[in-house]
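Accompanying notes for the structure given below.
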Amino acid sequence: MSPRSYRIGQIVPSSNTTMETEIPAILRARESLYPERFTFHSSRMRMKHVTKEELAAMDKDSDRCALELSDARVDVLGYACLVAIMSMGHGYHRQSEQRLQQQTIANGGPAPVVSSAGALVNGLHAIGAKKVALLAPYMKPLTQLVISYIENEGIEVVDSISLEIPDNLEVGLQDPMAPVEITRKLRTTGVDAIVASACVQMPSLGSIQPIEDRTGLPVLSSSVATTYMMLKKLGLSTHVPGFGTLLSGSY
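Numbering of the sequence shown is given in numbering that gives the first Met the number 0, commencing with residue 0 and proceeding in unit increments.
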């Protein structure tokens, strides 16, 4: 009997080059341990510069993307832009996820929807994190929006670093191992977890386990959290070793 194959749908900013590499990398690693297999299907929204105006315009396009992906009868759908959701106001991930799921239902291809914004919040709650330190590529005003959003969900951001890169393509060109050194500058005394990348476009996957090993703290990223929530929605084990505590299978 062939193993079950799941279709992973992703709503991706047009300039994003990381979401379609990091999430498949995690799930391909999972395939070496479990029988389930995954295919990946994307629909894109126009966005080149990470500004509040472009993010708001892009978000309006997400309904079309959800409709397109439901044509492919995907099993779960991920909205791959954390700051786009968080810049729309506190708690917006709930409204967005519900609206996009309704699009799939109306099109006869019902699928649960995960947003990277909601996934990061839910992932932090899952590991019991009350205080965190985070790294983000955004300009400082956008990072402050992210901090405010997370704190509105009951999680204190003790310290943060903003790389202040406005061009989304440039964000995707960052060294995925760079967070190992950059996060050394974060104040982590008393924190419960470190967010190595509060952005699905900023590569960080190879840094997750090394930072966790160095600090002894749980470390996650937007991509790790999004994959975790996708697996939860699919009812599958969240055990994928090498990508931090959240994917240890304990949550």
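Think of the CB as a built atom: it goes at the ideal place given N, C-alpha and C, for glycine as much as any other residue.
Query, Result
"Closest residue to I207 among A71, K231, L245, T188 (Cα-Cα distance)", "L245"
"H124 versus A118: straight-line alpha-carbon distance, rounded", "10 angstroms"
"Check whether I80 and Y137 have beta carbons under 8 angstroms apart", "The question names Ile, but residue 80 is Cys in the sequence shown. It is not a contact, given that the beta carbons lie outside the stated cut-off."
"I146 versus V156: straight-line alpha-carbon distance, rounded", "6 angstroms"
"Beta-carbon proximity check, V75 vs P111, cutoff 8 angstroms", "yes"
"Alpha helix (DSSP H) segment containing M44, residue limits", "Unbroken run through M44 is the beta strand (DSSP E), 36-44; no alpha helix (DSSP H)."
"Beta-carbon gap between A116 and M85 smaller than 8 angstroms", "yes"
"Three-state secondary structure (DSSP) of H238", "strand"
"Cβ separation of I210 and T182, assumed to be a contact under 8 angstroms, to the nearest whole Å", "5 angstroms"
"Complete beta strand (DSSP E) runs within the stretch 185-230 (minimum length 3 residues, chain order)", "192-196, 218-220"
"Simplified DSSP state of D174, which is helix, strand or coil", "coil"
"Simplified DSSP state of I126, which is helix, strand or coil", "coil"
"Endpoints, alpha helix (DSSP H) assigned at I104", "91-105"
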